[in-house]
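Presented below is the structure to which this report refers.
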Amino acid sequence: MVKVIGSDTAEGLAQQTDEDLMRRYREAGDEKVYNELVHRYERELYRYLARYTGDPSMAEDVFQNTFLQIHLKRGLYEDGRPFRPWLYAIATHQAVDALRKAGRHPTVSLDQRLAPSQGEADAGSLLDMLVNDDTGPLADLQEQERREWVRESVERLPDALRQTLILAYHQDLKYREIADILKIPVGTVKSRLHAALAKLQQMAKAAKQDGKED
Amino acid sequence: MNADELLDFALGQLEDPRRRALDEASRSDPEVAAKIQRARRAVDLLCDDGLLADPPPGLAGRTLAFVAQSPARSPSILDYVPARVPFRWADFAVAASIFVAGLLTLMPAVQRSRERMNQAGCVFNLQQIGQALGQYATIHPSYPSPPSDRAGADSGLFAAFLRGSGVLPDVSVLDCPYNGRCDLEHARNLTSFEQADAMSKSDPAAYKKMVCWDYGYNPGYRHASGRLGPITARPASLIAVVADQPPDDASLGDVDRNSPNHFGAGQNVLYSDGGVRWHRSRLVAPDDRDVYLNNARKMEPGINDRDSVILPRHAPFGNFPGR
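Note that the protein sequences, when read in sequence, are chains A and B. Final position of the first sequence in the numbering used here is 439; the numbers increase by one with none missing. Final position of the second sequence in the numbering used here is 304; the numbers increase by one with none missing.
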């Protein structure tokens, strides 16, 4: 293997792709390379885990375990495989394990109604459903209150929908990457994301109605 | 531009070139731009929780230390196992069905081969017994037979005569290999007819253990005068002398029932000429209709010298009326 001069400096490492770094780490076990990967994903992955687990200390544990797995399973990394979906897949498995051990996994059924709520024959497309009200059901809420409502509502989503929403909206991952992480078809990712949005919209309407009744 | 595309665009999921086309459209058409704006706003309102959890200080350092402290694990064989098995379940199903078909095809052949092997073992045993009987007959005037005062002794004790005369050194030939090995350990203690007959009265349990072989013997026939006589050693007469043990008493009268030694498939019979033949039925000669019963359909010595009867080892030599 031809060694690129200067590639081991901090600047040189920063210029290399994740895949190159991971390949080098698999082959040589170089600590500097591993260090670079950990620092590169420190903020992004921690945010994902914090949001997914809903617990900063658990997120930290899962983060550490994820990189321990990367270290232990480095031999299984395949050349040409995108690193980010692989990392997220490992992190997601670790997070699911941690939540299961902690015994506080949200248990909302996937069978819950996603169809238009009672009294609505057909809400049209999802986009119509989201934006057809001029103000929107959440527009009346105060910003702080709205954010808290969003946190609680996302927490109440079925796990599959919640995972997809966090990866797509908060982590800005593409459908293809999410499909790779969750080992599901791209079409399923899209339908889950739309289902998550529809469900949140329904919850928002219900919250608004409750507010009026109160 | 449909609603789905617009939503994907708002979520940042639209791929090129549709994304660029919508970008262009939003720049040139304020109405499209407004629609996109509203879609983004709606999605943000529903999803933006305002959380921006920054990692705790030193997380990367602690992670590196944590990994460094983790026990160094030597690579196991599982690490080299491919993550995805390059076979589908259908491949396994086809392989399994080929294996099963092969097995089903081969099983009867294997079974037949084992049957032939065991049958050959049984033939060998009977030939050995035949040689022992031949040697016995050169010493004595006839094949083994008890003195008249001990005619009630079991016919199975023909082996004791052979042992006592020293012509049957190996008792393992008394075991037919087809129906599983029988324990002949106690039979090795067999020394003479007198000793065994005495034991049958003094210690029936030990006697039963000792006399446990798989072959039955012809106790002789009744002369025209009514007197019981042993088989004389006349090779030309072709009399069945020893054979696989008969079916149990309850089904002995049923002519369709063969010896249990070969699971009812038939029986090997040793003739007085020293030859052994396999018979699928109990008919062994035109004038000997049933090798296990005499021509009067009884489990007794034959009614003439051509009417051979092979008795089970526990049936007495001469236990019949008129004696």
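Glycine included, C-beta positions come from ideal geometry on N, C-alpha and C.
Residue(s) in a DSSP beta bridge with residue i
i: B/Trp259; result: B/Asn249
i: B/Thr213; result: B/Ser123
i: B/Gly197; result: B/Ala224
i: B/Gly283; result: B/Tyr202
i: B/Leu292; result: B/Tyr198
i: B/Asp135; result: B/Pro297
i: B/Ala266; result: B/Asp269
Residue-level contact to chain A via CB, residue i, 9 Å cutoff
i: B/Gly102; result: no
i: B/Arg43; result: yes
i: B/Glu12; result: no
i: B/Val66; result: no
i: B/Val91; result: no
i: B/Ser7; result: no
i: B/Pro36; result: yes
i: B/Glu(-4); result: yes
i: B/Ala(-15); result: Here the sequence assigns Asp to residue -15 of chain B, which means Ala is not the residue at that position. Answer yes: the Cβ-Cβ gap between B/Asp(-15) and chain A drops below 9 Å somewhere.
i: B/Val48; result: yes
Residue-chain proximity (residue i, chain B), Cβ-Cβ < 9 Å
i: A/Gln388; result: no
i: A/Glu267; result: yes
i: A/Phe308; result: no
i: A/Lys326; result: no
i: A/Ala346; result: Confidence is the limiting factor: at A/Ala346 the pLDDT is only 44, short of 50, which leaves the residue's position unreliable, though a coordinate-based value still follows. No, no contact with chain B.
i: A/Glu256; result: yes
i: A/Glu285; result: yes
i: A/Pro281; result: yes
i: A/Arg249; result: no
i: A/Leu339; result: The predicted position of A/Leu339 is uncertain, since its pLDDT is 47 and thus under 50; a value taken from the coordinates is nonetheless stated next. By this cut-off, A/Leu339 is not an interface position.
i: A/Glu236; result: no
i: A/Lys399; result: yes
i: A/Ala420; result: no
i: A/Lys415; result: yes
i: A/Tyr313; result: no
i: A/Gln289; result: yes
i: A/Gly305; result: no
Distance between beta carbons of residue j and residue i, contact taken as under 8 Å
i: A/Met247; j: A/Tyr313; result: Actually they are not in contact, since the Cβ atoms of A/Met247 and A/Tyr313 sit about 14 Å apart, beyond 8 Å.
i: B/Pro125; j: B/Leu143; result: 7 Å
i: B/Tyr198; j: B/Val223; result: 6 Å
i: B/Leu(-8); j: B/Val24; result: 6 Å
i: B/Arg287; j: B/Ile220; result: 7 Å
i: B/Gly247; j: B/Trp259; result: 6 Å
i: B/Leu32; j: A/Arg387; result: With a Cβ gap of about 14 Å, B/Leu32 and A/Arg387 do not count as contacting.
i: B/Ala140; j: B/Pro297; result: That belief does not hold up - the Cβ atoms of B/Ala140 and B/Pro297 are roughly 15 Å apart, past 8 Å.
i: B/Leu155; j: B/Tyr196; result: 6 Å
i: B/Ala113; j: B/Val148; result: 4 Å
i: A/Glu380; j: B/Leu40; result: That pair is no contact at about 23 Å.
i: A/Leu274; j: A/Ala320; result: 6 Å
With 16 other Cβ atoms within 10 Å as the buried cut-off, status of residue i
i: A/His296; result: buried
i: A/Met504; result: A query on residue 504 of chain A cannot be resolved here, the shown segment of chain A reaching from 226 to 439 and no further.
i: A/Ser334; result: Low local confidence applies: a pLDDT of 46 at A/Ser334 is under 50, so the model's placement there is unreliable, and no value is given.
i: B/Asn(-17); result: exposed
i: A/Leu270; result: buried
i: B/Ser51; result: exposed
i: B/Ile120; result: exposed
i: B/Gln100; result: buried
i: A/Gly300; result: exposed
i: A/Ser378; result: buried
i: B/Trp70; result: exposed
i: B/Ser136; result: buried
i: B/Asp60; result: exposed
CA-to-CA distance, residue j to residue i, given in whole angstroms
i: A/Thr389; j: A/Asp255; result: 34 Å
i: B/Met88; j: B/Ser262; result: 26 Å
i: A/Gln434; j: B/Asp30; result: 21 Å
i: B/Val272; j: B/Lys279; result: 11 Å
i: B/Leu209; j: B/Ser94; result: 43 Å
i: B/Gly299; j: B/Ser78; result: 60 Å
i: A/His419; j: A/Val263; result: 32 Å
i: B/Leu45; j: B/Gln18; result: 43 Å
i: B/Asp254; j: B/Arg215; result: 7 Å
i: A/Ala421; j: A/Leu352; result: 13 Å
i: B/Gln226; j: B/Thr86; result: 33 Å
i: B/Leu171; j: B/Ala177; result: 7 Å
i: B/Ala74; j: B/Arg8; result: 58 Å
i: A/Ala340; j: A/Gln426; result: For A/Ala340, the predicted model reports a pLDDT of 47, less than 50, meaning its position is unreliable; a value from the coordinates is still stated below. Approximately 11 Å, taken between the alpha carbons.
i: A/Arg272; j: B/Ala15; result: 31 Å
i: B/Pro127; j: B/Ser232; result: 28 Å
i: A/Leu382; j: A/Glu236; result: 42 Å
i: A/Glu368; j: A/Asp397; result: 23 Å
i: A/Tyr259; j: A/Phe308; result: 13 Å
Partner residues on chain E for residue i, Cβ-Cβ distance less than 9 Å
i: A/His318; result: Note that chain E does not occur in the displayed structure, where the protein chains are A and B.
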